[in-house]
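These notes are about the structure you will find just below.
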Amino acid sequence: MSQIAERADVARTHADASRAQGIATASIERMLAQDLLDALWLEDLHGFRGRSQLSRGPGDQAVLAVSLADDATLRWLGSHIQGPRVLRLRAAAPVVLQRSASSASLSVAQTLEALRRAPWWPEPSDRLTQLLTLAQRQMARTFLAQGALLARVAARPRSLAAWEAVCCLRDRPFHPLARAKLWPDFSGDDFDVESGRTVELHWVAATRDALASGTTQEREAQPVATALLDEVEFAALAQRARERGAAASALWLAVHPWQWLHLQRRAPELLMRCVDLGGGLGAALPTASLRTLSITAAERPANDIHLKLSLSVQALGASRVMPPRYLHNGVLAQACLEELRRRDAWLGAHLELCDETQWWALRAGDDRTSLIHESGELACMLRRYPETDGWLLPMAACAAITSDTRLPALDALCADPALRVLAGPPSDAPVERVWRVFGEMARLLIETGLRCFAHGVLPELHGQNVMLRIGIVGMQALVLRDHDTLRVCPAAMGEHGIDPPAYLVDRSTPNTLILDRAETLLAYFQTLAVEVNLYAIIAAIAECYDTDEATGWNIVARTLHETVDTALQGFPHAQRCARQQLFDAPQWPFKQLLAPLAARTSVGTGMPSGLGTIANPLWTAAGVSGASGVSGVSGASSASSASGASAASGTQSR
């Protein structure tokens, strides 16, 4: 917590917020307040739902009242939503503290502080407050950079790098702390996508015996430098290696410049295992995913390669380093997914995979028999994108909303010549065209997820991991990356004669990669593919077009029914499981982050999370009785306490 306090410079936060005045300050406050309410409600933090009372006003106006003490009530003002969330906050003064003789409009920071002072709020630490301060500062930086981000897209409307940058306008949906990035020791402002700056790479040379790696290379090969540098830069790096005494057979690795400074202070013993070759050779563009850089060489295709580098930056409670066991598991997962593509013709045609087999990590010790305890503080990966036609769009960009409530990614899709027939004529209502495009991406994502589930595996299908490939005939396929989070159910895989990957798992941490039950596997489809990815887009469309979320959920429901009936026809066990868990169950699982994040006392490489429940969103959208989840209305849904045992699990602990 001292690092967070050190990093959360309140004066600088206020300075950034002041600079944002006139363009986005009110919008930032409202967006952050909306994310806070959404997280409190959906995660049911400290029994928040049961302490809430919804009152309807004229039209769709509504007030959500939360009792704080005998004479104090927190009132959230907006319009009621027919969906998993409870309220869309109004633009002006969306939160009010009501006392017996007075009332006052609250900022989002004051709102959290008022909640923390409630006698029923058990969390005594100020961790959430500090993280909210960081998130608010970063949000101000993001919207100050909004014009430049959109200008990049306008200049290169089919550039993956440009759309990757736009993703920062949303970050992880329904989470007020997602933007809180803790850079210990040194500021990271020069290295985030909002800075607009390129990152000059640092280089080291390491003997190949000191490295764990994903592929076998010839002793003289320099795959990283060859991929990232032009001929002049390569020759300069080779000269440095000779002058500084690096072995002729040593491998040259790229290092993030911030990480190099960090390791000099925090892990000098690790750096003694390599030769410093200096910086200034090769450059890359930051993306919304901090440790992933886009290569900027003009002669390469825009979608050709990404460089992923270890960063000891904390985001959502996890350090963004790259343990080699994760990278090793990613290679196995990629092979498993390739096997599914060969077995399933639909997946073969509609699911494409990035190549993530080229990776290297400097070992901290001399034990070459195990990767379990290697932290991966100095590691890199070359991610290569499939060589196919068309352009790529991260699904996360589809949920990105500008401060003036526009949806740049969905606007681009509707305007793309390949999607004109799908979207419909420009004379149609814009919201109708957007929903049609959403329906097609939902179909691709849902069928991909359920076909994988039928074979006993499930990728993490949230918006940062999944890209849409737009070809000459429209939305042709999904492109998947970050394979190291592929979850498997060996029992379900065995039913179809598929061997599970031999993952390396740290048994001292919660294991969420290898699952015993198909029902548990399907929960990751519900939480990440539907509730995080698709719901973020539904909520964004409803927000920007002032329409109801039920339209989007009805599209999802229809697509789920059609896919379960057809794509799972040859998988009776998976089909029964999906029907029961998706359609018949009154509740769905929902991933909880706030309480586990507040409770975390040490930094790990897995994001802390728990699992609660929400009312089945398909029921809620359809207006099924007993699906509201609102106190005072029949059928309030319950959630397992985020502060209980379930909160100990980590979605990426493995």
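For this note's numbering, add 1371 to where a residue sits in the sequence shown, where the first one is 1. Ideal Cβ placement from N, Cα and C applies to all residues, glycine included.
What residue range is occupied by the uninterrupted beta strand (DSSP E) comprising residue i?
{"i": "Asp1647", "result": "Val1646 to Pro1657"}
{"i": "Val1437", "result": "Gln1432 to Ala1440"}
{"i": "Ile1985", "result": "Gly1981 to Ala1986"}
{"i": "Met1752", "result": "Ala1750 to Arg1755"}
{"i": "His1451", "result": "Ala1443 to His1451"}
{"i": "Arg1427", "result": "Ser1423 to Arg1427"}
{"i": "Arg1470", "result": "Val1466 to Arg1470"}
{"i": "Leu1582", "result": "Leu1582 to Ser1584"}
{"i": "Thr1663", "result": "Thr1663 to Ile1666"}
{"i": "Arg1615", "result": "Run containing Arg1615: none; DSSP gives neither H nor E here."}
{"i": "Arg1947", "result": "No beta strand (DSSP E) contains Arg1947, which is instead part of the alpha helix (DSSP H) from Pro1943 to Ala1949."}
In three-state DSSP terms, what is residue i?
{"i": "Leu1764", "result": "strand"}
{"i": "Ser1496", "result": "coil"}
{"i": "Val2001", "result": "In this prediction, Val2001 has a pLDDT of 49, which is less than 50 and means its spatial position is unreliable; what the coordinates show is noted afterwards. If DSSP states are grouped into helix, strand and coil, Val2001 belongs with coil."}
{"i": "Ile1743", "result": "coil"}
{"i": "Cys1769", "result": "helix"}
{"i": "Glu1723", "result": "strand"}
{"i": "Gly1845", "result": "strand"}
{"i": "Ile1869", "result": "coil"}
{"i": "Pro1788", "result": "helix"}
{"i": "Ser1566", "result": "helix"}
{"i": "Trp1491", "result": "coil"}
{"i": "Trp1407", "result": "Strictly speaking, residue 1407 in this sequence is Leu, with Trp absent from that position. The answer is helix: DSSP assigns Leu1407 an H, G or I state."}
{"i": "Val1837", "result": "strand"}
{"i": "Ala1475", "result": "strand"}
{"i": "Ala1689", "result": "strand"}
{"i": "Arg1527", "result": "coil"}
{"i": "Leu1503", "result": "helix"}
{"i": "Val1901", "result": "helix"}
{"i": "Arg1971", "result": "coil"}
{"i": "Leu1778", "result": "coil"}
{"i": "Val1828", "result": "strand"}
{"i": "Val1808", "result": "helix"}
{"i": "Arg1461", "result": "coil"}
{"i": "Glu1818", "result": "helix"}
{"i": "Glu2105", "result": "In this structure the chain extends from 1372 to 2025, so residue 2105 is not present and cannot be described."}
{"i": "Gln1940", "result": "coil"}
Which residues in the same chain have their Cβ closer than 7 Å to the Cβ of residue i, if we skip the five residues on either side of it in sequence?
{"i": "Ala1735", "result": "Leu1641, Glu1745 and Ser1746"}
{"i": "Val1876", "result": "Asn1882, Leu1884, Ile1885 and Arg2025"}
{"i": "Arg1527", "result": "Ala1533"}
{"i": "Gly1651", "result": "Glu1571"}
{"i": "Ala1789", "result": "Ile1841, Gly1842, Ile1843, Val1844 and Gly1845"}
Output yes or no for whether 9 Å exceeds the beta carbon distance between residue i and residue j.
{"i": "Val1595", "j": "Ala1659", "result": "no"}
{"i": "Asp1855", "j": "Leu1698", "result": "yes"}
{"i": "Ala1921", "j": "Ala1993", "result": "yes"}
{"i": "Gly1428", "j": "Val1434", "result": "yes"}
{"i": "Gly1834", "j": "Ala1794", "result": "no"}
{"i": "Leu1703", "j": "Pro1757", "result": "no"}
{"i": "Trp1762", "j": "Gly1585", "result": "no"}
{"i": "Gly1923", "j": "Tyr1895", "result": "no"}
{"i": "Ser1892", "j": "Arg1858", "result": "The sequence given here has Leu at residue 1892, not Ser. In this structure, Arg1858 lies closer than 9 Å to Leu1892 by Cβ."}
{"i": "Phe1961", "j": "Ala1889", "result": "no"}
{"i": "Thr1411", "j": "Arg1446", "result": "In the sequence under discussion, the amino acid at residue 1411 is Leu, which differs from the Thr named in the question. Against a cut-off of 9 Å, the Cβ pair of Arg1446 and Leu1411 comes out as no contact."}
{"i": "Glu1914", "j": "Thr1776", "result": "yes"}
{"i": "Pro1547", "j": "Asp1415", "result": "no"}
{"i": "Leu1708", "j": "Leu1682", "result": "no"}
Could you tell me the boundaries of the alpha helix (DSSP H) in which residue i lies?
{"i": "Trp1629", "result": "Pro1628 to Arg1637"}
{"i": "Trp1924", "result": "Ala1921 to Thr1937"}
{"i": "His1677", "result": "Where His1677 is concerned, there is no enclosing alpha helix (DSSP H), although the beta strand (DSSP E) it sits in stretches over Ile1676 to Leu1680."}
{"i": "Ile1912", "result": "Tyr1906 to Tyr1916"}
{"i": "Arg1696", "result": "Pro1695 to Arg1714"}
On the DSSP bridge list, what partners appear for residue i?
{"i": "Gln1593", "result": "Its beta-bridge partners do not exist; DSSP assigns none."}
{"i": "Lys1961", "result": "Note that residue 1961 corresponds to Phe in the displayed sequence, not to Lys. Partner(s): Gly1983."}
{"i": "Gln1729", "result": "Leu1753"}
{"i": "Glu1571", "result": "Ala1654"}
{"i": "Ala1576", "result": "Trp1623 and Val1646"}
{"i": "Val1537", "result": "In the DSSP output, where bridge partners are listed per residue, Val1537 has none listed."}
{"i": "Ile1885", "result": "Val1859"}
{"i": "Arg1878", "result": "For Arg1878, which the question treats as bridged, DSSP gives no partner whatsoever."}
{"i": "Glu1850", "result": "Residue identity check: residue 1850 is Val in the sequence provided, not Glu. The partner list for Val1850 (beta bridge, DSSP) reads Glu1723 and Met1838."}
{"i": "Leu1553", "result": "Gln1685"}
Note down, in chain order, each residue of its chain lying with its Cβ closer than 6 Å to the Cβ of residue i, except the 5 sequence neighbours on either side.
{"i": "Ala1686", "result": "Lys1552"}
Quick one: residues in its chain with C-beta nearer than 8 Å to the C-beta of residue i, no 5 flanking neighbours on either side, listed in chain order?
{"i": "Ala1319", "result": "Limits of the chain in this structure are 1372 at one end and 2025 at the other, which puts residue 1319 out of reach."}
{"i": "Thr1500", "result": "Ala1480, Leu1483, Glu1484 and Arg1487"}
{"i": "Asn1925", "result": "Ala1992 and Ala1993"}
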